[in-house]
Amino acid sequence: MTHPRSGAWARAVAVLAAIGAFSLGTVPAASADDATSNATVSIGEVTPAILDYDTEVTVVATVTNTGSEPITGATARLGIDREDGHTRSWVETWSTADDDGPVGLEILTEEIDEIEPGEDASVTFEFTRAQAGIGSWTDWGAHGIAVAVNTGDGVVVDRTFVVWSPEGSDDVAPVQVGLLAPVVGPLVSTDPTTAELALTDAVRPDSRLADVVAATEDQPIAWAVDPWLVQEANLVETDDAKAWVADVVAGAQDRDVFALPALDPDPAALAHAGERVPRLDVTGPGSEWRTDLIWPAPAPDRETVAASADAADFVVVTGALAPSASSVATPDATTRVDVDGSSATAVVADESLSDLITRATSGDAEVGDARQVMAETATIAAERPSQTTTVLAAFPRDWTPDAELTADALSALDALPWAGVVDLDTVLETTPTPGSRTPLPASVVADAELDVADVDLLVRDRASIAEFSTIVEDPDALLAEVDPALVAPTAIAGRDEPEARDSDVVIAHGRAAELLDAVSIVESSDYNLIAESGDLRVNVQNDLGQDATVQVVLEPDDSALQADTVPPAVITAGTVTPVPVPVTAVGSGDVNVTISILAPDGSRVADSSTFEVRVRADWAGVGLWVISIILGGFLVGGIWRTVRRHRRNTATARSEQGATP
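Residues in the sequence shown are numbered from 4 upward in steps of one, following this note's numbering.
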């Protein structure tokens with residue numbers, strides 16, 4: 004078997020020694036609840052943790068009396084598991100075994116002085132590789148050590164690791180570790196005032212998001228950022244928000260930064276509703292970041308990966324696609340997943356390394372985390388000593404790092420002769436490894452996902468708003484009024500706040516309905532049409548902040564009335580505008596007329612309204628006939644009176660002539 008390069012050996016030993024001493028002073032021993040005795044034991048310092056031929060290793064353990072009586076006559080024993088061919092499953096088993104588990108071959112014993120209740124005692128072991136039975140015949144790689152303490156009332160055990168890696172040995176291909184941290188916030192409220200207050204709180208100096216940026220500022224950790232978070236924080240007029248955005252912008256320099264879909268929507272919830280992952284436009288900081296990576300919630304199924312791959316080239320997968328049972332080595336992070344007749348590129352986070360590095364960089368750090376990272380990476384390197392293995396460690400969305408612990412943990416990782424931190428681009432460029440992982444289930448709906456009915460409601464509202472927005476000159480501005488509110492409840496963060504999320508769905512739907520009602524028909528009384536043609540005036544109200552161009556369409560339910568097609572009308576913002584529609588009466592009767600308001604493309608933009616038109620076109624003819632008769636009567640009567648008057652006048656004249664002498 005080949006061995007690792009020796010140039011970085013001394014540096015790795017020094018860093019790991021420092022980590023061991025640091026951990027001893029900052030991490031408490033296991034709690035009494037975990038013990039099978041009246042004591043606990045915790046291995047603190049292991050110096051150095053990398054063994055060489057001439058190395059003398061010092062192991063310091065702390066024994067705590069958790070009982071109510073003094074402990075006397077206790078004995079501590081140091082054991083080592085020096086078997087060859089250790090695997091990653093063995094690393095996990097060794098680190099999680101209980102007090103009844105294996106302790107390896109005993110190589111040293113120490114007596115412990117009396118320990119009073121609540122007090123500690125320190126026990127130190129020093130051994131060489133010869134005492135441990137390790138030499139040229141031993142496989143290079145990780146080996147387990149254990150300290151077992153017999154108090155007379157029971158046995159308590161703690162375990163950790165050392166790596167046999169003698170200086171001067173040949174090279175092995177290093178393990179390349181990419182690191183990815185999410186920079187995402189809590190659920191965004193659909194109430195603007197509440198959302199701004201929550202955002203201000205989320206980026207204050209002592210917030211989790213501030214810790215994430217500060218802890219990763221000088222570290223080779225890629226970011227997956229919600230660009231909406233940065234955009235909105237940049238608009239908040241507080242010094243804290245401005246400072247946080249400035250830190251993000253500065254930290255993004257010379258770093259792999261990926262913009263997730265704005266508001267971090269949940270691909271699983273959308274996929275299970277048969278919908279696509281939305282990508283809202285963002286402005287300001289982050290608008291130029293890469294958008295070819297997406298990160299679903301843990302344990303995605305094939306439907307989720309398919310929906311994710313539709314939105315981005317690379318799909319980060321956590322909590323799934325574990326190495327298959329037949330796999331003899333840790334596969335590279337990238338793999339191909341068959342979805343919908345094609346394949347997607349998944350970037351699989353190594354679950355064990357992700358958990359360990361997350362713990363080692365946060366307030367949950369435990370004594371042996373750094374040494375277990377050392378053992379994990381050494382075991383990966385030993386699996387394929389002549390081939391580079393590239394893995395990904397991804398931090399969870401709720402990661403709360405400590406800047407000092409993060410710097411120490413990553414320095415220790417990068418100092419290992421057989422491992423090193425690489426940028427995420429290196430991980431993404433790795434050739435996918437086929438057929439070496441457990442397949443994804445076809446479809447599994449998590450209990451915390453947003454209900455399909457709610458997803459459908461929000462998606463329908465977005466589609467309706469998109470159609471509606473075509474009536475104004477600046478549709479993007481109109482969409483911006485409500486579109487974010489319709490996407491926000493689909494966020495992955497909503498899984499942790501289901502009640503707030505459900506409330507946000509209701510609020511968002513209400514805001515959409517209010518916007519869709521902003522252009523409406525003003526109800527009017529019924530019409531009387533007694534002429535063969537005329538104009539019916541439809542009053543259209545526009546409560547938008549922009550002029551709206553709409554088409555008014557009348558649809559009579561009876562052929563007695565015919566309505567002309569009129570060109571689109573411009574309804575001024577904030578006004579009620581009458582739109583005349585020419586109509587023609589071709590008969591008589593009561594006709595129900597439906598009024599529709601359409602966008603220029605023919606889509607409906609307002610609820611229809613119906614009114615009645617009393618068509619009496621024949622009344623005009625009857626009226627004219629009656630008037631003609633009346634006028635004719637007046638004319639005949641006038642003529643008759645004129646004739647009679649003329650006759651009387653003639654008779655009178657004759658009488659007067661006859662009477663003249």
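Beta carbons: idealized from backbone N, C-alpha and C, even for Gly.
C-alpha gap between residue i and residue j, whole angstroms
{"i": "V158", "j": "P399", "result": "36 Å"}
{"i": "D538", "j": "A515", "result": "34 Å"}
{"i": "G497", "j": "T441", "result": "28 Å"}
{"i": "S591", "j": "S467", "result": "39 Å"}
{"i": "V342", "j": "W421", "result": "36 Å"}
{"i": "L443", "j": "P303", "result": "8 Å"}
{"i": "D335", "j": "A397", "result": "14 Å"}
{"i": "T433", "j": "T391", "result": "10 Å"}
{"i": "L627", "j": "S562", "result": "Low per-residue confidence applies at L627: pLDDT is 43, beneath 50, and the placement is therefore not dependable enough to give any value."}
{"i": "D417", "j": "L202", "result": "35 Å"}
{"i": "S260", "j": "G181", "result": "Rather than Ser, the amino acid found at residue 260 in this sequence is Val. Distance between the alpha carbons of V260 and G181 is about 13 Å."}
{"i": "P559", "j": "A602", "result": "20 Å"}
{"i": "S446", "j": "R305", "result": "6 Å"}
{"i": "G47", "j": "E240", "result": "47 Å"}
{"i": "V331", "j": "S139", "result": "24 Å"}
{"i": "H89", "j": "Q375", "result": "13 Å"}
{"i": "A298", "j": "A265", "result": "In the sequence as presented, Ala is not what sits at residue 298; that position holds Trp. Distance between the alpha carbons of W298 and A265: 12 Å."}
{"i": "W12", "j": "V424", "result": "Any reading at W12 must be qualified, since the residue scores a pLDDT of 44, below 50, and its modelled position is unreliable; no value is offered."}
{"i": "V596", "j": "V319", "result": "57 Å"}
{"i": "Y56", "j": "V49", "result": "17 Å"}
Proximity to residue i [Cα-Cα], best of the options
{"i": "P301", "options": "D401, F130, H146 and T338", "result": "D401"}
{"i": "R465", "options": "G107, A445, V178 and P492", "result": "P492"}
{"i": "P571", "options": "T587, L564 and A551", "result": "A551"}
{"i": "D243", "options": "W421, P223 and D204", "result": "D204"}
{"i": "I148", "options": "D156, G155, W167 and S139", "result": "W167"}
{"i": "A410", "options": "A218, E432 and L427", "result": "A218"}
{"i": "L413", "options": "T429, P444 and D372", "result": "D372"}
{"i": "T75", "options": "E113, A225, G155 and E240", "result": "G155"}
{"i": "E199", "options": "Q234, V589 and S40", "result": "Q234"}
{"i": "V586", "options": "Q565, V62, W298 and V178", "result": "Q565"}
{"i": "A271", "options": "V251, S536, E407 and T307", "result": "T307"}
{"i": "P358", "options": "S327, A328, G322 and S329", "result": "The identity of residue 358 in the sequence shown is Asp, whereas the question assumes Pro. Ranking S327, A328, G322 and S329 by Cα distance to D358 puts G322 first."}
{"i": "V569", "options": "G254, S71 and I598", "result": "I598"}
{"i": "V175", "options": "W93, P388 and V394", "result": "P388"}
{"i": "V285", "options": "S98, E129, N237 and T127", "result": "N237"}
{"i": "S365", "options": "A406, A352, E386 and E354", "result": "A406"}
{"i": "D454", "options": "Q554, A534 and D269", "result": "D269"}
{"i": "E452", "options": "S611, P435 and D499", "result": "D499"}
Cβ separation of residue i and residue j, assumed to be a contact under 8 Å, to the nearest whole Å
{"i": "P288", "j": "V248", "result": "6 Å"}
{"i": "A79", "j": "V152", "result": "5 Å"}
{"i": "F164", "j": "A145", "result": "5 Å"}
{"i": "T141", "j": "R85", "result": "6 Å"}
{"i": "T131", "j": "E59", "result": "5 Å"}
{"i": "V525", "j": "Q544", "result": "5 Å"}
{"i": "F471", "j": "V608", "result": "5 Å"}
{"i": "T333", "j": "I383", "result": "5 Å"}
{"i": "T361", "j": "V178", "result": "Not confirmed; about 18 Å, so no contact."}
{"i": "S439", "j": "S345", "result": "Going by Cβ atoms, the distance from S439 to S345 rounds to 20 Å, so no, they are not a contact pair."}
{"i": "P185", "j": "A227", "result": "5 Å"}
In DSSP terms, what residue i is bridged to
{"i": "P404", "result": "S365"}
{"i": "I46", "result": "A64"}
{"i": "N237", "result": "The partner list for N237 (beta bridge, DSSP) is empty, contrary to what the question assumes."}
{"i": "F164", "result": "G147"}
Cβ-based neighbour list, residue i, same chain, cut-off 6 Å, excluding 5 preceding and 5 following
{"i": "L461", "result": "L489"}
{"i": "A32", "result": "Confidence at A32 is low in this model, with a pLDDT of 36, below 50, so the placement of that residue should be treated as unreliable; the coordinate-derived value is given next. So the qualifying residues of the chain are T43, S45, T65 and T67."}
{"i": "G188", "result": "A205 and L232"}
{"i": "N531", "result": "R617"}
{"i": "T580", "result": "V543 and I574"}
{"i": "E109", "result": "R80 and G82"}
{"i": "D229", "result": "V187, L263 and D267"}
{"i": "A385", "result": "G144"}
{"i": "T127", "result": "V63"}
Spatial neighbours of residue i in its chain, beta-carbon cut-off 8 Å, leaving aside the 5 residues before and after
{"i": "D316", "result": "D295, L296 and T348"}
{"i": "V475", "result": "L481, L547, Q549, D550, A551 and T552"}
{"i": "D313", "result": "R279 and V280"}
{"i": "P73", "result": "E117, I118, E119 and P120"}
Same chain, Cβ closer than 7 Å to residue i, five either side skipped, listed in chain order
{"i": "V458", "result": "A272, L273, A276, E278 and T493"}
{"i": "R211", "result": "T403"}
{"i": "A3", "result": "The structure shown does not extend to residue 3, since the chain is modelled only from 4 to 664, so the question has no answer here."}
{"i": "A100", "result": "R162"}
{"i": "S527", "result": "N542 and F614"}
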